[in-house]
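For the sequence shown, the working numbering begins at 10 and goes up steadily by one. Right, one structure below, let's go through it.
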Amino acid sequence: FVLNIPNINLLRKVNRTADPIPSDMDEFIHADLTPINSKKVRAPSIMECCAHMECKTIWIKEISEEAENRVIITANVVALFINENLFLKNLCKQKGLMKPLYYEKLSYFTLGGYVGNRKMR
(Lines of atoms letter the chains of each structure in order from A; the text may use other names.)
(Lines give C-alpha, C1' and ligand atoms only; values in the text may rest on other atoms or scores of the structure.)
Protein backbone atom coordinates (compact mmCIF):
# COMPACT_ATOMS: atom_id res chain seq x y z
CA PHE A 10 0.00 0.00 0.00
CA VAL A 11 1.01 3.63 -0.35
CA LEU A 12 0.61 6.29 2.31
CA ASN A 13 0.21 9.43 0.21
CA ILE A 14 0.80 12.66 2.15
CA PRO A 15 -1.42 15.45 0.77
CA ASN A 16 -1.02 19.06 1.76
CA ILE A 17 -3.71 21.54 2.72
CA ASN A 18 -4.15 22.66 -0.92
CA LEU A 19 -5.64 19.23 -1.70
CA LEU A 20 -8.30 19.37 1.03
CA ARG A 21 -11.36 19.38 -1.23
CA LYS A 22 -9.96 16.67 -3.51
CA VAL A 23 -9.01 14.47 -0.56
CA ASN A 24 -12.49 14.98 0.88
CA ARG A 25 -13.99 13.68 -2.36
CA THR A 26 -12.14 10.37 -1.99
CA ALA A 27 -14.49 9.55 0.91
CA ASP A 28 -17.63 10.08 -1.18
CA PRO A 29 -19.75 6.99 -1.83
CA ILE A 30 -19.36 6.27 -5.54
CA PRO A 31 -20.48 3.40 -7.79
CA SER A 32 -18.02 0.48 -7.89
CA ASP A 33 -17.44 1.01 -11.61
CA MET A 34 -16.42 4.67 -11.14
CA ASP A 35 -12.74 5.58 -10.91
CA GLU A 36 -12.03 7.19 -7.52
CA PHE A 37 -9.06 9.13 -8.94
CA ILE A 38 -11.20 10.68 -11.68
CA HIS A 39 -14.00 11.46 -9.19
CA ALA A 40 -11.54 13.27 -6.89
CA ASP A 41 -9.58 14.88 -9.77
CA LEU A 42 -6.32 13.25 -8.60
CA THR A 43 -3.64 11.64 -10.76
CA PRO A 44 -2.46 8.08 -10.06
CA ILE A 45 1.19 7.35 -10.86
CA ASN A 46 3.14 4.10 -10.77
CA SER A 47 4.89 3.39 -7.50
CA LYS A 48 8.47 2.10 -7.54
CA LYS A 49 8.30 -0.84 -5.08
CA VAL A 50 4.61 -1.72 -4.63
CA ARG A 51 1.65 -2.32 -6.94
CA ALA A 52 -0.65 0.32 -5.44
CA PRO A 53 -0.45 3.70 -7.16
CA SER A 54 0.90 6.88 -5.63
CA ILE A 55 -0.88 10.21 -6.09
CA MET A 56 1.07 12.69 -8.19
CA GLU A 57 -0.33 15.80 -6.46
CA CYS A 58 0.78 14.68 -2.98
CA CYS A 59 3.93 16.20 -1.50
CA ALA A 60 5.26 12.86 -0.24
CA HIS A 61 4.63 9.12 -0.63
CA MET A 62 5.55 6.20 1.60
CA GLU A 63 5.41 2.87 -0.21
CA CYS A 64 4.76 0.14 2.35
CA LYS A 65 4.61 -3.65 2.67
CA THR A 66 2.20 -4.93 5.30
CA ILE A 67 3.61 -6.96 8.20
CA TRP A 68 0.34 -7.53 10.08
CA ILE A 69 -3.15 -6.14 10.62
CA LYS A 70 -4.98 -6.29 13.96
CA GLU A 71 -8.69 -5.54 14.27
CA ILE A 72 -9.64 -3.30 17.19
CA SER A 73 -13.39 -2.82 16.81
CA GLU A 74 -15.27 -0.28 18.90
CA GLU A 75 -18.99 -1.08 18.92
CA ALA A 76 -20.26 -0.66 15.34
CA GLU A 77 -17.05 0.90 13.99
CA ASN A 78 -14.43 -1.35 12.42
CA ARG A 79 -10.94 -0.17 13.23
CA VAL A 80 -7.56 -1.75 12.57
CA ILE A 81 -3.92 -1.24 13.42
CA ILE A 82 -1.58 -1.84 10.49
CA THR A 83 2.12 -2.50 10.95
CA ALA A 84 4.23 -2.18 7.80
CA ASN A 85 7.74 -1.69 6.51
CA VAL A 86 8.34 1.46 4.47
CA VAL A 87 10.14 0.16 1.38
CA ALA A 88 10.39 3.46 -0.50
CA LEU A 89 9.97 7.11 0.47
CA PHE A 90 9.56 10.01 -1.91
CA ILE A 91 9.24 13.71 -1.11
CA ASN A 92 8.84 16.69 -3.40
CA GLU A 93 12.37 17.89 -4.21
CA ASN A 94 11.52 21.52 -3.46
CA LEU A 95 10.54 20.53 0.07
CA PHE A 96 13.44 18.15 0.62
CA LEU A 97 16.04 20.82 -0.04
CA LYS A 98 14.76 23.04 2.80
CA ASN A 99 15.78 22.78 6.45
CA LEU A 100 13.34 20.84 8.65
CA CYS A 101 11.49 23.89 10.04
CA LYS A 102 10.99 25.40 6.59
CA GLN A 103 10.10 21.98 5.17
CA LYS A 104 7.24 21.45 7.65
CA GLY A 105 5.93 24.97 7.03
CA LEU A 106 5.96 24.53 3.27
CA MET A 107 4.62 21.00 3.33
CA LYS A 108 1.48 21.77 5.41
CA PRO A 109 0.53 18.07 5.60
CA LEU A 110 -3.15 17.28 5.83
CA TYR A 111 -4.47 14.63 8.21
CA TYR A 112 -7.90 13.35 9.18
CA GLU A 113 -9.27 12.58 12.65
CA LYS A 114 -12.91 11.96 13.67
CA LEU A 115 -14.58 13.59 10.66
CA SER A 116 -12.26 16.63 10.74
CA TYR A 117 -9.17 17.70 8.79
CA PHE A 118 -6.10 19.21 10.43
CA THR A 119 -2.66 20.47 9.45
CA LEU A 120 0.30 21.43 11.64
CA GLY A 121 -1.39 24.74 12.46
CA GLY A 122 -4.67 23.15 13.61
CA TYR A 123 -8.21 22.56 12.32
CA VAL A 124 -8.91 23.26 8.61
CA GLY A 125 -12.30 21.69 7.84
CA ASN A 126 -14.68 18.78 8.28
CA ARG A 127 -15.94 15.86 6.21
CA LYS A 128 -19.32 17.49 5.54
CA MET A 129 -17.87 20.57 3.81
CA ARG A 130 -18.10 20.93 0.06
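Each residue gets a CB set at the ideal place from its N, CA and C atoms; glycine is no exception.
Pull up the distance between the alpha-carbon of residue i and that of residue j, whole angstroms please.
i    : j    : result
I55  : G125 : 21 Å
I65  : Y123 : Before going further, note that residue 65 is Lys rather than Ile in the sequence given. For K65 and Y123, the distance between alpha carbons rounds to 31 Å.
D28  : S116 : 15 Å
S32  : L106 : 36 Å
K128 : I45  : 28 Å
Sorted by chain position, which residues of the same chain lie with C-beta nearer than 6 Å to residue i's C-beta, five sequence neighbours on each side aside?
i   : result
I69 : V80, I82
N92 : C59
F90 : H61
Determine whether the beta carbon atoms of residue i and residue j lie at a separation below 8 Å.
i   : j   : result
V11 : A52 : yes
E71 : K48 : no
CB-CB under 8 Å to residue i, same chain, minus the five flanking residues each way: which ones, in chain order?
i   : result
R25 : H39, A40, D41
Could you check what DSSP says for residue i in three-state terms: helix, strand or coil?
i   : result
I63 : Contrary to the premise, residue 63 reads as Glu rather than Ile in this sequence. In this structure, E63 counts as strand in the three-state DSSP scheme.
E57 : coil
K22 : helix
N85 : strand
F37 : helix
N94 : helix
L12 : strand
Among the residues of its own chain, which have a CB less than 7 Å from the CB of residue i, if the five just before and after it don't count?
i    : result
T119 : I17, K108, P109, L110
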